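Step one of this worksheet: look at the structure below.
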Amino acid sequence: MLKFWKKITAASMSSLLLLSLWIGVPGSVQAAGEAAAAQGKGPETFRIVALGDSITAGYEPGMTDLNAKPYGFAERLLEQGWYHGRSELANYGILGLTTSGLSHYTEALKAGTVTTPDAIQQGLPDPRIATFAAGIPQAAKELAAANLITITIGGNDLSSLFLKVKELTDADFETQLNQKLADYSANLKVILENIRVVNPGAKILLADQYQPAPKIAVGQSYTKLMNAADRLTSAAEAVAGTFSQGGAPVLVAHVAEQFAGAEFSLTYIISGKTPDFHPTQLGYEKIATVFAELQWGAYRTPTAVATAATVAPMNIVVKGVELNTPNKPILKNGQNFLALKDILNAVGASGKWDNKTSSATIQYGDRTVVVTIGSKTIKVNGQDVAIDTPAFLQKVGKEDKTYLPLGALATGLGFDVNYSSKLRTAFINP
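Residue numbering for the sequence shown is -31 to -1, 1 to 399, as defined by mature numbering (1 follows the signal peptide of the UniProt record, and there is no 0).
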């Protein structure tokens, strides 16, 4: 068993270093540009800021593909946001971060000025830490504009103690655990205080910490480790309770209970080439489910999850409703086309067909889009906009149906269009 734990320790640093090649630029905002710059312009956008450690970053061991993107709980939470309207995500997950490091990071966010890597936390394995430190002013703006703030933190505080569980006497383990929980609570208090200075009104969802070791790996120590995780949950609840207010709640996302007894399938502790604490894709989905249920009451998925290999049209969700149209969508050159009437019904627009010009004119709010059969441009408020694949006529029964490119049309009408390659689903929101 001791050899098992030593493998984990040796693997952790090298695995985290690989992530720098894979995860990309920190704090990237998905589905939009700068959050603060968009304030007050156009339709309201739900903004999510994710703070914390490598679980927030969405890390999985062995990720070295430069073109790969993380698909952790935060990315799934963004998809859930698209079910409810325009949504953006700014992910500030820092590899190896402790509660002490996050307290320093949020202190810098409160000040809104550039800091240094060592001022956040000395010896962090995240090679992007200099970018995080230099990006404080922008991150502070995004934090201030957030509607929802998620936090995962604490695993790096307790991991060293958990790794020594079989070496320590019960008394020594208890003494060290008490100190670490006291430090966790004190740091968490500072973290929440700092966040509330920057953003007094956002909902904050704080994850507790799952215990990753299965019983078969640690034997009789399993109960001791589970009890320690339960105590961290209680500590998180106690601190969160002192900050939670009616209009600005601070809630604990009970992730730990989802992993209890399912460590084999939800983490890489056994399944990987080397033992690793981080969640599997199923584990990240469990975490995302807990967060989504706290925020929206449910975790949604498409009725039929299409695979990348399928030639069928992708799933389409418009204003939170999955389309089930009388005329089947058609996939052409990688784009989804819908019949004119089905598009009008789906987005709530008005339109008319001109037989002389073989064109459809669609109106929504102050936007007018003209789509002509066979043309590789559409007109948006009189301006030509290039499209990849033109509209076409499709024989349906005895009549010809006008099929229009859904994505290009929705964008032209001012809708927000996002695509999840994992769900193979397009989300369209006004």
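We put the CB at the ideal spot given by N, CA and C, even for glycine. Bear in mind that the values here come from a model prediction, so they are computed numbers and not experimental data.
Asked	Found
Under 8 angstroms by Cβ, that's how I've got Ile331 and Leu378 pegged, so tell me the actual separation to the nearest angstrom.	7 angstroms
What residues match up with Gly320 in a beta bridge as DSSP calls it?	Ile331
Would Val219 and Phe212 be called neighbours here (beta carbons separated by less than 7 angstroms)?	yes
What did DSSP end up calling Lys325 once you bin it into helix, strand or coil?	coil
Kindly indicate which residue of Glu48, Glu29, Glu57, Ile312 has the alpha-carbon position closest to the one of Pro12.	Glu57
Around the C-beta of Ile185, are 16 or more other C-beta atoms found within 10 angstroms, so that it is buried, or is it exposed?	exposed
Enumerate, from N- to C-terminal direction, the unbroken beta strand (DSSP E) stretches of 3 or more residues contained entirely within the segment 252 to 310.	284 to 287, 299 to 301, 304 to 308
What's the gap between the Cα of Ala155 and the Cα of Glu226?	24 angstroms
Could you check which residue in Ser128, Lys133, Leu194 has the C-alpha nearest to that of Gly65?	Ser128
Going along the chain, which residues of its own chain have a beta-carbon closer than 8 angstroms to the beta-carbon of Ala267, five neighbours each way excluded?	Ala261
Around the C-beta of Thr326, are 16 or more other C-beta atoms found within 10 angstroms, so that it is buried, or is it exposed?	exposed
Check whether the Cβ atoms of Ile160 and Leu78 lie closer than 7 angstroms to each other.	no
With distances taken Cα to Cα, identify the nearest neighbour of Gly216 among Lys255, Ile238, Leu117, Ala273.	Leu117
Output the boundary residues of the beta strand (DSSP E) element that contains Lys348.	346 to 349
What residue from Lys391, Leu201, Ile347 has the CA that sits closest to Leu146's CA?	Leu201
Counting pairs of beta carbons, one from the segment 81 to 92 and one from the segment 313 to 323, are three or more of them closer than 8 angstroms?	no
Determine the extent of the alpha helix (DSSP H) in which Pro94 is found, giving its start and end residues.	Here Pro94 belongs to no alpha helix (DSSP H), and DSSP marks it neither H nor E.
Over the uninterrupted alpha helix (DSSP H) stretch that includes Ala204, give me the two end residues.	190 to 212
By the DSSP assignment, the alpha helix (DSSP H) with His247 in it spans what residues?	His247 -> not in any alpha helix (DSSP H); beta strand (DSSP E) instead, spanning 245 to 248.
Taking Asp126 as part of the alpha helix (DSSP H), name the residues at either end of that continuous run.	124 to 132
For the structure I just gave you, are there three or more beta carbon pairs, one from the segment 369 to 384 and one from the segment 14 to 32, closer than 8 angstroms?	no
Alpha carbon to alpha carbon, how far is Phe131 from Asn398? Give it in angstroms, no decimals.	46 angstroms
Below 8 angstroms on the Cβ atoms is my contact criterion, and I expect His53 with Phe15 to pass it. Report the Cβ-Cβ distance as a whole number of Å.	7 angstroms
Check the DSSP bridge columns for Glu368 and list the partner residues they point to.	Val365
Taking 7 angstroms as the threshold (C-beta atoms), are Ile98 and Asp22 in contact?	no
Buried or exposed: where does Asp335 fall if 16 or more other Cβ atoms within 10 Å of its Cβ makes it buried?	exposed
Using a 10 Å radius around the Cβ and a threshold of 16 neighbouring Cβ atoms, would you call Thr358 buried or exposed?	exposed
Just to confirm my understanding: we take Val259, look at its own chain, exclude 5 residues before and 5 after, and list those with CB closer than 7 angstroms. What are they?	Ala222, His223, Val224, Gln227
Taking just the CA atoms, how far does Ser203 sit from Ile356?	55 angstroms
To the nearest angstrom, how far is it from the Cα of Phe246 to the Cα of Gly62?	16 angstroms
Could you check where the beta strand (DSSP E) with Gly62 kicks off and where it finishes?	56 to 62
Specify the secondary structure class of Lys184 as computed by DSSP and reduced to three states.	helix
Check the C-beta distance from Ala182 over to Leu194 and give it rounded, since I have them as a contact under 8 angstroms.	6 angstroms
With H, G and I counted as helix, E and B as strand and the rest as coil, what does DSSP make of Ile105?	helix
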